[in-house]
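Q: Can you read through this structure? Questions will come right after.
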Amino acid sequence: MSTAPAIPLPADSTKPRWTWIVLLLFFYHLLFLLPTFRHSAHPAQELRYPVIVRIFILLIQWLGFYIAWRGIRASRLTFADLFGTQRSPNRPTWEDCKDGFAIIVLTIGVNLALAQFQPFARSNSLHSHTLLQYFLVLLIAVSAGITEEVTYRGFFLSQLRLLTHNLRLAVFLQAALFSLFHGFQQNLTLALSRFFYGVLFAFFTIRRNSLWPAIVGHVMIDVIAVSFQYFRYR
36 MSTAPAIPLP ADSTKPRWTW IVLLLFFYHL LFLLPTFRHS AHPAQELRYP VIVRIFILLI
96 QWLGFYIAWR GIRASRLTFA DLFGTQRSPN RPTWEDCKDG FAIIVLTIGV NLALAQFQPF
156 ARSNSLHSHT LLQYFLVLLI AVSAGITEEV TYRGFFLSQL RLLTHNLRLA VFLQAALFSL
216 FHGFQQNLTL ALSRFFYGVL FAFFTIRRNS LWPAIVGHVM IDVIAVSFQY FRYR
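Under our numbering, the first residue of the sequence shown carries the number 36, and numbering increases by one thereafter.
Right, here's the structure in full:
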């Protein structure tokens, strides 16, 4: 992994110009993570969020995306840099989709392996009980695949690599943040699986020098999960 070109970095060393954005984005996520403390003692309980809260979640995702994008622009990167200059930055290619399917297969494998050590506590925080709720959760799933990949693999990965001068360390740090910011109500296996997702998404981002494989895999994983929950518990 260390020999890969990774994602593009700015030629000049203007580290302080985006270090404050890294900190801002960290504390921004932390601010909306703190309310999950009160649910951490009962991770299996169902949290029934009304429609307005689900819309608020969408706004939070895209506000975080905006902060990350400001940091990306400050580091003199473009969407073409993040999504691959050799391909259209506007849509994934068939190769990106194949890598996305590979991500799904690998995540299923690691989840099955982790389940042998500790049963998963199913996440009930966004279960849908109506068609409208399900539609909004689908929007959240698609939105998360885009906004989180740009934030973690597009912004945090490049900036942590620049700050630490170590690609492997940057991969593990952004994966740890990715797992942490999914809430304190998750149990050990959920936290480990999300950490693995963060490493896996970063690996394909570096391997393909594009965010598209991770976005495709991330969106499909989330859409499958929320659809399974809806149709199972309806």
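Quick reminder that beta carbons are idealized off the backbone N, C-alpha and C, glycines included.
Keep in mind the model is a prediction, meaning the values are calculated, not measured.
(1) Given a cut-off of 7 Å, decide if Thr142 and Ile241 are closer than it, judged by their beta-carbon atoms.
(2) Does the separation of the CB atoms of Arg196 and Ala210 fall below 7 Å?
(3) On the three-pair Cβ rule with 8 Å, is the stretch 228-248 touching the stretch 168-187?
(4) Report the rounded CA-to-CA distance for Thr49 versus His64, giving the unit in angstroms.
(5) Apart from the five residues on each side of it in sequence, which residues of its chain come closer than 6 Å, Cβ to Cβ, to Gln264?
(6) Under the three-state reduction of DSSP, which class applies to Gln152: helix, strand or coil?
(7) Along the alpha helix (DSSP H) that carries Glu184, what are the first and last residues, could you check?
(8) Can you say whether Trp104 is buried or exposed, counting buried as having 16 or more other CB atoms within 10 angstroms of its CB?
(9) Going by alpha carbons, who is nearest to Arg27 out of Gln168, His164, Phe170, Phe213?
(10) Got a sec? Which residues, its chain only, sit under 8 Å from Leu227 by beta carbon, not counting five neighbours each side?
(11) Start and end of the alpha helix (DSSP H) containing Gln96?
(12) Kindly indicate which three-state DSSP category Thr54 falls into: helix, strand or coil?
(13) Phe62 to Tyr101, Cα distance in whole Å?
(14) Where does His253 fall in DSSP's three states?
(15) Alpha carbons only, please: which of Leu235, Leu68, Asn222, Leu58 is nearest the one belonging to Val140?
(16) Would you say Gly252 reaches chain B, if we count a Cβ-Cβ gap shorter than 7 Å as a contact?
(17) Alpha carbon to alpha carbon, what distance is there between Arg126 and Thr113?
A: In short:
(1) Cβ atoms of Ile241 and Thr142: not closer than 7 Å.
(2) Against a cut-off of 7 Å, the Cβ pair of Ala210 and Arg196 comes out as no contact.
(3) Contact holds: three or more Cβ-Cβ distances are below 8 Å.
(4) Because the pLDDT of Thr49 is 43, which lies under 50, any placement of that residue in the model is unreliable, and the number read from its coordinates should be weighed accordingly. Each residue's alpha carbon lies about 24 Å from the other.
(5) The beta carbon of Gln264 sits closer than 6 Å to those of His162, all from its chain and outside the five residues before and after it, given in chain order.
(6) For clarity, residue 152 is Phe in the given sequence; the question names Gln instead. DSSP places Phe152 in coil when its eight states are reduced to three.
(7) Neither: Glu184 is in no alpha helix (DSSP H) and is coded neither H nor E.
(8) Under the 10 Å beta carbon count, Trp104 is surrounded by 16 or more other beta carbons and is classified as buried.
(9) Given that the chain is displayed from residue 36 to residue 269, the structure contains no residue 27 and the question cannot be resolved.
(10) Leu149, Ser214, listed in sequence order.
(11) In the DSSP assignment, Gln96 falls within the unbroken alpha helix (DSSP H) covering 86-109.
(12) Looking at Thr54 - three-state DSSP - the assignment turns out to be helix.
(13) A direct Cα-to-Cα measurement between Phe62 and Tyr101 gives close to 15 Å.
(14) In this structure, His253 counts as helix in the three-state DSSP scheme.
(15) If we check each option's Cα against that of Val140, Leu235 comes out closest.
(16) Protein chains in the displayed structure number just one, and chain B is not present.
(17) Answer to the nearest angstrom: the Cα atoms are 15 Å apart.
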